[in-house]
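Undergrad: Order-wise, the sequence lines are chains A and B.
Position 34, counted from 1, in the first sequence is what the numbering used here calls 167; the numbers after and before it change by one each time, with no gaps.
Position 230, counted from 1, in the second sequence is what the numbering used here calls 363; the numbers after and before it change by one each time, with no gaps.
This is the structure I want to talk about, given as structure tokens.
Number of protein chains: 2
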Amino acid sequence: MKTTPPSKQSVVGRVLGLVAMVAMVAIGCGRAVAAPVPAPGEPPAPANAVERLIGSIRGQNAAYEKLTRLCDDIGHRISGSAALESAVEWAAATMRADGLENVRTEPVVVRRWIRGAESARLVEPRPLDLVMLGLGNSVGTPPEGITAEVVLARTAAELDALGDRVRGRIVLFDNPMPSFDAKRGTGYGQTVGFRLRGPRLAAERGAVAVLIRSVTAHSLSTPHTGVTLYGDTKVRIPGAALTVEHAAYLARLIQAGQKVVVHLKMAARDAGEVPSANVVGEIRGREHPEEIVVIGAHLDSWDVGQGAHDDGAGVVMAMDAAAALRRLDLRPRRTIRVVLWTNEENGGAGAEQYVADHRAELDRHIAALESDMGGFRPRGFGLDLQDAAAERAAVEKLRTWTKPLAKHFPGRWPVLEPGMAGADVGPLVEKGVPGMLLLVDESKYFDYHHSPADTLDKVEPAALTEATAAMAAMAWVLAESKERLTPMGASAPRSPGTP
Amino acid sequence: MKTTPPSKQSVVGRVLGLVAMVAMVAIGCGRAVAAPVPAPGEPPAPANAVERLIGSIRGQNAAYEKLTRLCDDIGHRISGSAALESAVEWAAATMRADGLENVRTEPVVVRRWIRGAESARLVEPRPLDLVMLGLGNSVGTPPEGITAEVVLARTAAELDALGDRVRGRIVLFDNPMPSFDAKRGTGYGQTVGFRLRGPRLAAERGAVAVLIRSVTAHSLSTPHTGVTLYGDTKVRIPGAALTVEHAAYLARLIQAGQKVVVHLKMAARDAGEVPSANVVGEIRGREHPEEIVVIGAHLDSWDVGQGAHDDGAGVVMAMDAAAALRRLDLRPRRTIRVVLWTNEENGGAGAEQYVADHRAELDRHIAALESDMGGFRPRGFGLDLQDAAAERAAVEKLRTWTKPLAKHFPGRWPVLEPGMAGADVGPLVEKGVPGMLLLVDESKYFDYHHSPADTLDKVEPAALTEATAAMAAMAWVLAESKERLTPMGASAPRSPGTP
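Below you can see the structure in the form of structure tokens.
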């Protein structure tokens, strides 16, 4: 996953949304859907459906087997790569083989970024090859590379304090990520800022390139990439992540008063627009096939490792949750739609295209649940709605609906965290669809995230199975319950009438 | 550190040794030393000397500051490198500046091994650059590299079962190292065999090269090097370590029935004999300056990372233990000699040369205590003597002598483990000197060991300080106690009379 700005509307927006909702309910102008008419001959789901679903997923190793194929036969799969197109084909073929319905690829135009050859070398005070990965979407250096003195900033205030000393220099942003803490969480959000905005901030002050400390709390000489955002900045300078070890080393040298010079060489380039696709498959609902519960993840990955936790795990969870329903011949009241988005890591074009392609049925999207925190033990769900009151009401419903499930999962399951969703459901949330995120034990996620260490051996099969069961159980609850998660209109977009 | 074969003599040898000792004691032919004559005007050490010693080490950050210089100003330092010679100069100059006596470099001829450019690439079933490090002392490949199918062996039995399928192939030894376990220890000893002997074993069966899984339980795409031993095998084939991730990946492909082909290219070569040196400095004893307690570590490292835990930490512990005695103007009854051996990692020439240079005074070596398990929290000491009865008696003495120290260290300190010493004191143990090893919390040592991740940031200053205090306290106890650790003759070499 990547960091997304909170998709919450402002307080003013919330109030307007509430007013709009009340108005709509008052005048009966919500986007109506057809009244529930049970399909003739379609029997109701068995009372123990969710138990059978969880049992079937636990009785097989199917998600892990899918993940093995994705990781070992295809490997990492950045937007625009042949590997991603192989993954698209594989996912569609596998969904068809698993008996999903309406399996299709929905074209998406993505920008292709190519890393190319890259290196960073310490020139002064002594020669040393630095372990690095260019940041995603970074521009390259001139062919001969950039050689410049390195200045150190651990905070934005330190960058400001450097003043004119940034000009013509390489800025090293060395802000350590704290270790995972059960109360404070991962520390990723508070640390990733310089990866996202460091090159932009430094360019505005006249720097020629940026190095960051890899965004991770634990390194064994492990570089971590991830997207950088230039926004509308005019001068784009290259950015690369050093390992924690090498960033800390350079910082120590600079703090000890030594002159540090680095030679950075990156052939990174934007290779323009290329075709890609979201992959979609369904279990059609027996009563309200037109009402849709989306479960999904992103199929693309960074161009290192195997994209096992990020987000191969989410991909196979959603695929296997649907496959299990077919294995058991279970059909919920509403449609469960698996969506595997393309281009989450460096563009988000897949998520945007999904919204554009399905705008006519967005008000019939009950919820969109993604997994993008890795294939770890599940602990609950995040829920993000535009409207705070509707969000509170929905959390209460989920609390009630998931009570019968709690006995199937250990601990105080599930945690329900309001205001949490992921990058791929963000554009849906903007349009009023309740966004959800599978919450897992994320204590190790950022050790692997965006690095060559995000490989199949890091995924514990039993944990992936549990996460798959949790996603499947929640999908069933959302698709089967008599009541919708949000009342008609509650999940309407911010400005009623906007498509 | 590297693994050393147990230096214990056989049961027969033990019995003979015991007989010899009894005989020597009976006929009074032990190697006599001058009777203790207090130097005129040299006052006895204060009763609270060891408390002051520990206090001084805890009150400063001096060991860590030394380690910072060694890691950041010099860096990794393989035998024969300019960096190692810089380290020799730095260590001698620092010892002199700290006021140690008789500081000198003792010449050692070492073999220089040069890694050169190296790479491994998966050719079939799909192209992928593999993360690797050639094994230390490995021969290179032909300039064009070696391209061959890979066969898998996780055990020696599997290698045998491959029979003729090894011929002309690359053997992948994929034996996982178990995670650290407080009872069973690190699992290094049971795993390192294929690094040490894999190329030899495979060559004898007609293989053209060897790949091993890096000897570590935890990897974040981290390759680990280490020496391989050809012994007297006639055909030498190259050996390299893959990351755990890539070794496991290749193993999965092979187990899934896929044909795996790798292209291995290594320019490694033996560059012949070059001069190096052990670095020695002393705190001369006030009563028995001719009796010597050695404390030390190895100054060389592998050619990756910074050699921070292996064995920069041990180097600065020994240096700072002696420096603290000078800071306090404390002089023990016997001489404490700091020895920084060269060439531990890929030859052991420094340890052998020390024994040759000092053979005339080996019977006046009270003990030789090394640290080579990293700069972690100390937990006790290993003790290794040729003679089992003498070892038991010495452990009992240590138990009594260290009782007053226990209150200065947390937990049930110290653990005393018979039969444990390290590689550099091995040749001394063979000559009858009691060998000792500082035992530490080794739970993370092999995560870093021989890898690019063995860097200063992995060393916790407070832990290094405690380890330094433990080494200093034990050195003091050995050098100050009225009684010797072993009676005259008990630590004589296996065959009395052999030089």
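Heads up, the beta-carbon is just placed ideally off N, CA and C, and yes, glycines get one too.
Quick one: using the 10 Å Cβ neighbour count with 16 as the cut-off for buried, is residue 167 of chain A buried or exposed?
TA: Caution is warranted here: a pLDDT of 42 is assigned to residue 167 of chain A, below 50, making its placement in the model unreliable, and the coordinate value is therefore given only provisionally. Answer is exposed; the Cβ neighbour count stays below 16.
Undergrad: Just to confirm the assignment, what range does the beta strand (DSSP E) spanning residue 379 of chain B have?
TA: Per DSSP, residue 379 of chain B belongs to no beta strand (DSSP E); it is in the alpha helix (DSSP H), 377-388.
Undergrad: Does the Cβ of residue 612 of chain B have 16 or more other Cβ atoms within 10 Å, making it buried, or fewer, making it exposed?
TA: Buried: at least 16 other Cβ atoms inside 10 Å.
Undergrad: How many Å lie between residue 379 of chain B and residue 354 of chain B at the Cα?
TA: The straight-line gap from Cα to Cα measures roughly 8 Å.
Undergrad: Give me the subset of the region 331-362 of chain B whose CB atoms are less than 9 Å from a CB atom of chain D, sorted by chain position.
TA: Looking at the structure shown, chain D is missing, and the protein chains on hand are A and B.
Undergrad: Give me whichever residues DSSP pairs with residue 426 of chain A in a beta bridge.
TA: In the DSSP output, where bridge partners are listed per residue, residue 426 of chain A has A:469, A:500.
Undergrad: Closer than 9 Å, Cβ to Cβ, to anything on chain A: give me those residues from the region 257-282 of chain B, in chain order.
TA: If the cut-off is 9 Å between Cβ atoms, the region 257-282 of chain B has 258, 259, 261, 264 near chain A.
Undergrad: Relative to chain A, which residues along the region 372-386 of chain B have a C-beta separation below 9 Å, given in chain order?
TA: Against chain A - using a Cβ distance shorter than 9 Å - the residues of the region 372-386 of chain B are 376, 377, 378, 379, 381, 382, 385, 386.
Undergrad: Quick one: residues in its chain with C-beta nearer than 6 Å to the C-beta of residue 394 of chain A, no 5 flanking neighbours on either side, listed in chain order?
TA: 256, 257, 282.
Undergrad: Check this for me: beta carbons of residue 567 of chain A and residue 500 of chain A, under 9 Å apart or not?
TA: Yes; because the gap between Cβ atoms is below 9 Å, this pair is in contact.
Undergrad: Might you give, ordered along the chain, the residues of its own chain that have their beta carbon closer than 6 Å to the beta carbon of residue 550 of chain A, omitting 5 neighbours on each side?
TA: Within the same chain, residue 550 of chain A has close Cβ partners 515.
Undergrad: Counting only Cβ-Cβ distances shorter than 7 Å, please list the residues of the region 584-596 of chain B near chain A, keeping chain order.
TA: Cβ contacts with chain A come from 584, 585, 586, 588, 590.
Undergrad: So residue 387 of chain B and residue 285 of chain B are supposed to be a Cβ contact under 8 Å. How far apart are they, rounded?
TA: At roughly 4 Å, the Cβ-Cβ gap stays under 8 Å, so residue 387 of chain B and residue 285 of chain B are in contact.
Undergrad: Of the choices B:277, B:273, B:303, B:307, whose alpha-carbon is the least far from that of residue 289 of chain B?
TA: Residue B:307 is the option with its Cα nearest to residue 289 of chain B.
Undergrad: Which residue comes first and which comes last in the alpha helix (DSSP H) that contains residue 227 of chain B?
TA: Segment 215-230, the alpha helix (DSSP H) holding residue 227 of chain B.
Undergrad: According to DSSP, is residue 538 of chain A part of a helix, a strand, or is it coil?
TA: Helix.
Undergrad: What first and last residue would you give for the alpha helix (DSSP H) that runs through residue 633 of chain B?
TA: Here chain B covers residues 134 to 632 and nothing more, so residue 633 of chain B does not appear.
Undergrad: Just the chain B side, please: which residues come within less than 8 Å of residue 208 of chain A by C-beta, in chain order?
TA: Simply 259, 261.
Undergrad: Under 9 Å, CB to CB, which of the residues in the region 552-585 of chain B have a partner in chain A?
TA: Answer set for the region 552-585 of chain B: 580, 581, 584, 585.
Undergrad: Below 9 Å between beta carbons: does that hold for residue 301 of chain B and residue 340 of chain B?
TA: Their beta carbons are under 9 Å apart, which means residue 301 of chain B touches residue 340 of chain B by this criterion.
Undergrad: Considering only the beta carbon of each residue, do residue 449 of chain A and residue 588 of chain A sit closer than 9 Å?
TA: No. Outside cutoff.
Undergrad: Return the residue from the list A:184, A:262, A:207, A:304 that minimises the CA-CA distance to residue 209 of chain B.
TA: When each option's Cα is compared against that of residue 209 of chain B, the closest is A:262.
Undergrad: Is it buried or exposed, residue 505 of chain A, if we count other Cβ atoms within 10 angstroms and call 16 or more buried?
TA: So residue 505 of chain A ends up on the buried side.
Undergrad: Check for me: the beta strand (DSSP E) holding residue 579 of chain A runs from which residue to which?
TA: Residue 579 of chain A -> not in any beta strand (DSSP E); alpha helix (DSSP H) instead, spanning 578-581.
Undergrad: Work out the CA separation of residue 422 of chain B and residue 170 of chain B for me, nearest whole Å.
TA: Interpretation of residue 170 of chain B is limited by its pLDDT of 49, a score under 50 that renders its predicted location unreliable; the figure taken from the coordinates is listed afterwards. Approximately 10 Å between the Cα atoms of the pair.
Undergrad: Once DSSP output is grouped into helix, strand and coil, what is the label at residue 350 of chain B?
TA: Reduced to three states, the DSSP call for residue 350 of chain B is coil.
Undergrad: Look at the alpha carbon of residue 519 of chain B and the alpha carbon of residue 565 of chain B, and state the distance between them as a whole number of angstroms.
TA: The alpha-carbon atoms of residue 519 of chain B and residue 565 of chain B are separated by roughly 6 Å.
Undergrad: DSSP state of residue 322 of chain B, grouped into three classes?
TA: Residue state, collapsed to three classes: coil.
Undergrad: What are the residues that DSSP puts in a beta bridge with residue 212 of chain A?
TA: Answer is none; residue 212 of chain A lacks a bridge partner.
Undergrad: To which residues of the same chain is residue 194 of chain B closer than 8 Å at the C-beta, ignoring the five residues directly before and after it?
TA: Closer than 8 Å at Cβ, skipping near neighbours: 594, 598.
Undergrad: Buried or exposed for residue 445 of chain A, going by 16 or more other Cβ atoms inside 10 Å?
TA: The residue is buried, with at least 16 neighbouring Cβ atoms inside 10 Å.
Undergrad: For chain A, is any of its Cβ atoms less than 9 Å away from the one on residue 389 of chain B?
TA: So, interface residue.
Undergrad: Compare the C-beta of residue 366 of chain B with all C-beta atoms of chain A and state if any pair is closer than 9 Å.
TA: Not one chain A Cβ lies under 9 Å of residue 366 of chain B.
Undergrad: Determine which residues share a DSSP beta bridge with residue 411 of chain B and list them.
TA: Residue 411 of chain B pairs with B:239.
Undergrad: What does the alpha-carbon distance come out to for the pair residue 118 of chain A and residue 270 of chain A?
TA: This structure gives no information on residue 118 of chain A, because the portion of chain A shown stretches from 134 to 632.
Undergrad: Rounded to the nearest angstrom, what separates residue 414 of chain A and residue 233 of chain A at their Cα positions?
TA: Cα-Cα distance, rounded: 6 Å.
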